[in-house]
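Engineer: Under this note's numbering, the residues of the first sequence are numbered 21 to 660, in order. So that we are looking at the same thing, I have put the structure below in structure tokens.
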Amino acid sequence: MTTVTLPDGSNRELPAGSTGADLAASIGRGLAKAAVAVRIDGREADLGAVLPEGATVEVITAGSAEGRHVLRHSTAHVLAQAVTDLWPGARFAIGPAIEDGFYYDFELPGGAHFSDDDLERIEARMREIVAEDQPFVREEHTVEEGLSLFSDQPYKLEIINGVDRGEGAGDSTVSAYRNNDRFVDLCRGPHVPSTGRLGHFKLMKVAAAYWRGDEHRPQLQRIYGTAWESKAALEEHLRRLEEAEKRDHRRLGAELDLFHFPPEIGGGLPVFHPKGGLVRKLMEDYSKAEHEKAGYDFVWTPHLAKSTLFETSGHLEWYREGMYPPMEMEGATYYPKPMNCPMHILVYKSRQRSYRELPLRLFEFGTVYRFERSGVLNGLLRVRGITQDDAHIFCTPEQLSPELSDLLGFVLRILRAFGLEDFEAELSTRPDKFVGEIEDWDKATDSLRQALDTAGIAYAVAEGEGAFYAPKIDVHVRDAIGRRWQVSTLQVDLQEPQRFDMEFVGADNGRHRPYMIHRALFGSVERFFGILLEHYAGAFPTWLSPVQASVLPVRSDHEEYAARVAARLREAGVRVEMLAADEQLGYRVRKAKQEKVPYVLVVGDQDLHAGTVGVNSRTGEERGVPLEDLLGRLAAELRP
RNA sequence: GCCCCCUUAGCUCAGUCGGCAGAGCACAGCCAUGGUAAGGCUGGUGUCGUCGGUUCGAUUCCGACAGGGGGCUCCA
21 MTTVTLPDGS NRELPAGSTG ADLAASIGRG LAKAAVAVRI DGREADLGAV
71 LPEGATVEVI TAGSAEGRHV LRHSTAHVLA QAVTDLWPGA RFAIGPAIED
121 GFYYDFELPG GAHFSDDDLE RIEARMREIV AEDQPFVREE HTVEEGLSLF
171 SDQPYKLEII NGVDRGEGAG DSTVSAYRNN DRFVDLCRGP HVPSTGRLGH
221 FKLMKVAAAY WRGDEHRPQL QRIYGTAWES KAALEEHLRR LEEAEKRDHR
271 RLGAELDLFH FPPEIGGGLP VFHPKGGLVR KLMEDYSKAE HEKAGYDFVW
321 TPHLAKSTLF ETSGHLEWYR EGMYPPMEME GATYYPKPMN CPMHILVYKS
371 RQRSYRELPL RLFEFGTVYR FERSGVLNGL LRVRGITQDD AHIFCTPEQL
421 SPELSDLLGF VLRILRAFGL EDFEAELSTR PDKFVGEIED WDKATDSLRQ
471 ALDTAGIAYA VAEGEGAFYA PKIDVHVRDA IGRRWQVSTL QVDLQEPQRF
521 DMEFVGADNG RHRPYMIHRA LFGSVERFFG ILLEHYAGAF PTWLSPVQAS
571 VLPVRSDHEE YAARVAARLR EAGVRVEMLA ADEQLGYRVR KAKQEKVPYV
621 LVVGDQDLHA GTVGVNSRTG EERGVPLEDL LGRLAAELRP
């Protein structure tokens, strides 16, 4: 007999030589059906693995996160098999499970490329493999055997050689999974018992990807797919993708007449139309008012500067490929600014500073220009002319920690005002290559950590992921459909104060180096605009809506009353428009609703005499609402 | 920058197995005055992304380029 411990702490006795599948079956039929793998003493293994005496064993089911991972990875193997069937001699690299699916990287004979039509052929072949219900048979090989088995697969050889060098935690063997005489793939596992367990998948797209993510190494053909434990889960996923497409800010930008990207201007350079411009102004006005209350000073700096400034700042040394090319003028070389910080530092340095005026908080909506590679542009989310809501805070060493805590609280408060509530932060610490002193890094990192603890939001620590000049906090938000976006960033710059030889006079009458905090709250106004547009699916909250109320007279002879209602709302500070009765009422309601106007107000005979309006809002429809009641409701929604 | 896909009316798209193109919405005019998501009739609209090649003839086939989308890489 073999005795194993289940996750709930109970023991179970099984005949000697029992496998994970036997265990699942002994617990229940449902579990046996849903099982795809097991975890034995914390290590994932195949369902067919023999259970050792005394082990702790957990059955992994298809619908769990780990189970989906196994399904997806197994589906990736089926993909590789289908590709090698259709393109004999194809080389394959890696095929991991990823969020929502999997991919596999290939190199086709003769450098051929996959087309979209190929995806259909491959998917058809995959379905045949699933129908054949081929077993996934695990094989253990020595490194030498592995090298010989995969002698025609250079990418696999590189992986095996990596294992040999100790990257595989000292293993001197490699494992492979064989489906039939023709197909065997190097893999750590685990896999589902057989291909018949798969089937709820779809190949999504083909893309190029560099081997090991290195653009100097060969470019491979990557196929992406999605895979789920049931038809319903797959369909739900595809439905979510459709939903995301409906929310696409580029589509909404056109439908709601907010902005566009004229090809005449160039990629990544949007123009905002009147309604988009108004939303943007409302965002900026609110932001400015809050910054003013929080003790910021407003500065303005130009878009160009001489090369010497960016030599001093180090941007030309470190960031040249991200900058627009230089312009020669009267013997000097000018660059469009890629960042605002050097200019703000010059404001600081315009005279001698005393500790008494610190912290000095300089704020600007500063438009910077970055030469983003054409392939990375992505609507408003990635542009080449970026308006940062940028501030630089200069403070004494003693002020650093309290300032950062206040700052993070301020950032979160403003984000909440825009309807974003679900935050996750990331604290990035000192990388291997860095500038400055370790004590400064430690102090800055501790202060950032303390700010996160004070704010009480969830955060992860990304060890060594900081910029070479600064540890930082990145704030991510989740939008209405659960997607994660990086917005705000707070960085403690450990380089620029040095490079610009910044100083202040302390209480001791000595000269000291200030600390410098960079921070952007929206990140970029354009990007934040795009995120908000997708978050709200175009239906901005009332205070941000370009048109807050539409007044619709039922017939022409109600137009005079409608105009009085509109005037009354306008006096109360509501952005209101009237849709005259030259079309049917239903048509005009539809039009206003499609424009996402939060309050559609219908006035007719009843209202004329009673001084009321019909209110069709996002929460429902009401008839005969007294105008004064409506004004009261609206007043509460005109501010964030 | 690299790979795949796309580009036909203001928008969404159909179409021509090579013979100068179409539907809905939008727009304009007229009629309809209608209590909550498309009333009716009439009408105009296109260098079929650009340039080149093949052809008697190219929007259609081929190539290059441009713009857009999805990825990769990058994001001091």
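Cβ atoms here follow ideal geometry from the backbone N, Cα and C, with glycine treated the same way. Quick caveat: nothing in here was measured; it's all calculated off a predicted structure.
By DSSP, does residue 231 sit in helix, in strand, or in coil?
Structural biologist: Residue 231 falls in the helix class under three-state DSSP.
Engineer: Curious, which full-length alpha helix (DSSP H) runs of at least 4 residues does the region 553-596 contain?
Structural biologist: Taking only runs of at least 4 residues, the alpha helix (DSSP H) segments lying wholly in the region 553-596 are 579-591.
Engineer: Let me check understanding here. Comparing Cα to Cα, which of 406, 35, 66, 74 lies closest to residue 29?
Structural biologist: Nearest C-alpha to residue 29: 74.
Engineer: Smallest Cα separation from residue 383: which of 336, 359, 320?
Structural biologist: Taking only the C-alpha atoms, the option nearest residue 383 is 320.
Engineer: Please report the Cβ distance between residue 268 and residue 295, rounded to the nearest whole angstrom; I am assuming they are in contact, meaning their Cβ atoms lie under 8 Å.
Structural biologist: No, residue 268 and residue 295 are not in contact; Cβ-Cβ is about 18 Å, not under 8 Å.
Engineer: Closest to residue 251 by C-alpha separation, out of 68, 643, 218, would be which residue?
Structural biologist: That would be 218, whose Cα lies nearest to the Cα of residue 251.
Engineer: With contact counted as at least three CB pairs below 8 Å, one residue from each stretch, are the region 426-446 and the region 470-490 in contact?
Structural biologist: Touching, per the Cβ criterion.
Engineer: Output needed for residue 367: all residues of its chain with C-beta closer than 7 Å, excluding positions within five of it in sequence on either side, in chain order.
Structural biologist: Closer than 7 Å at Cβ, skipping near neighbours: 319, 382.
Engineer: Among all the DSSP beta bridges, which residues are the ones paired with residue 356?
Structural biologist: In the DSSP output, where bridge partners are listed per residue, residue 356 has 324.
Engineer: Runs of 4 residues minimum, wholly inside the region 259-308: which ones carry the alpha helix (DSSP H) assignment?
Structural biologist: Those alpha helix (DSSP H) runs which fall completely within the region 259-308 and span 4+ residues are 269-275.
Engineer: Specify the secondary structure class of residue 187 as computed by DSSP and reduced to three states.
Structural biologist: In this prediction, residue 187 has a pLDDT of 47, which is less than 50 and means its spatial position is unreliable; nothing more can be read from the coordinates.
Engineer: Rounded to whole angstroms, what's the CA-CA distance from residue 229 to residue 125? Just pull it up for me.
Structural biologist: Residue 229 and residue 125: Cα-Cα distance of roughly 7 Å.
Engineer: For residue 402, write down the residues that DSSP places opposite it in a beta bridge.
Structural biologist: For residue 402, which the question treats as bridged, DSSP gives the partners 398.
Engineer: Per DSSP, which residues does residue 222 bridge with? Please list them.
Structural biologist: 246, per the DSSP bridge assignment.
Engineer: Would you identify the three-state DSSP class for residue 483, choosing helix, strand or coil?
Structural biologist: Here residue 483 sits in coil by DSSP.
Engineer: Quick one: Cα of residue 354 to Cα of residue 360, how far?
Structural biologist: Looking at the two C-alpha atoms, the distance is approximately 15 Å.
Engineer: Pull up the distance between the alpha-carbon of residue 347 and that of residue 613, whole angstroms please.
Structural biologist: Roughly 49 Å between the two C-alpha positions.
Engineer: Let me know if residue 501 comes out buried or exposed under the rule of 16 or more other beta-carbons within 10 Å of its beta-carbon.
Structural biologist: It counts as exposed.
Engineer: Using a Cβ-Cβ cutoff of less than 6 Å, which residues in the same chain neighbour residue 657 once the five nearest sequence positions on both sides are dropped?
Structural biologist: Here the set comprises 562.
Engineer: Run through DSSP, which three-state label would residue 103 get?
Structural biologist: Helix, per DSSP.
Engineer: Quick check: what's the CA-CA separation for residue 609 versus residue 436?
Structural biologist: Cα to Cα, residue 609 sits roughly 31 Å from residue 436.
Engineer: Since residue 70 contacts residue 58 with CB under 8 Å, what's their CB separation in whole angstroms?
Structural biologist: With 8 Å as the limit, residue 70 and residue 58 do not qualify as a contact, their Cβ atoms being about 11 Å apart.
Engineer: Measuring alpha carbon to alpha carbon, tell me which of 554, 522, 546 ends up nearest residue 498.
Structural biologist: Ranking 554, 522, 546 by Cα distance to residue 498 puts 554 first.
Engineer: How many angstroms separate the CA atom of residue 641 from the CA atom of residue 325?
Structural biologist: Roughly 56 Å separates the two Cα atoms.
Engineer: Within the same chain, show all residues whose beta-carbon is closer than 6 Å to that of residue 505, passing over the 5 residues directly before and after it, in chain order.
Structural biologist: Correct list, in chain order: 497, 551.
Engineer: Answer yes or no: do residue 513 and residue 490 have a C-beta to C-beta separation smaller than 9 Å?
Structural biologist: Yes.
Engineer: To the nearest angstrom, how far is it from the Cα of residue 135 to the Cα of residue 96?
Structural biologist: Cα to Cα, residue 135 sits roughly 18 Å from residue 96.
Engineer: Using 10 angstroms around the beta-carbon of residue 88, count the other beta-carbons present and answer buried if the total reaches 16, otherwise exposed.
Structural biologist: It is buried - the Cβ of residue 88 has at least 16 other Cβ atoms within 10 Å.
Engineer: Alpha carbon to alpha carbon, how far is residue 438 from residue 544? Give it in angstroms, no decimals.
Structural biologist: Taking the straight line joining both Cα atoms gives about 15 Å.
Engineer: DSSP three-state call for residue 626: helix, strand or coil?
Structural biologist: Three-state DSSP puts residue 626 in a helix.
Engineer: Cutting at 6 Å between CB atoms, please list the residues of its own chain near residue 622, excluding the five before and the five after it.
Structural biologist: Around residue 622: 572, 634.
Engineer: Assuming contact is defined by CB atoms lying nearer than 9 Å, are residue 620 and residue 565 in contact in what I supplied?
Structural biologist: Not a contact, by the Cβ cut-off of 9 Å.
Engineer: For the alpha helix (DSSP H) containing residue 46, name the first residue and the last one.
Structural biologist: Residues 40-47.
Engineer: So residue 419 and residue 468 are supposed to be a Cβ contact under 8 Å. How far apart are they, rounded?
Structural biologist: Actually they are not in contact, since the Cβ atoms of residue 419 and residue 468 sit about 14 Å apart, beyond 8 Å.
Engineer: Under a Cβ-count criterion, where at least 16 other Cβ atoms within 10 Å of its own Cβ denotes burial, should residue 374 be classed as buried or exposed?
Structural biologist: Residue 374 should be labelled exposed.
Engineer: Using a Cβ-Cβ cut-off of 6 Å (strictly less than) and excluding sequence neighbours within five positions of residue 511, which residues of its own chain qualify?
Structural biologist: So the qualifying residues of the chain are 490, 492, 538.
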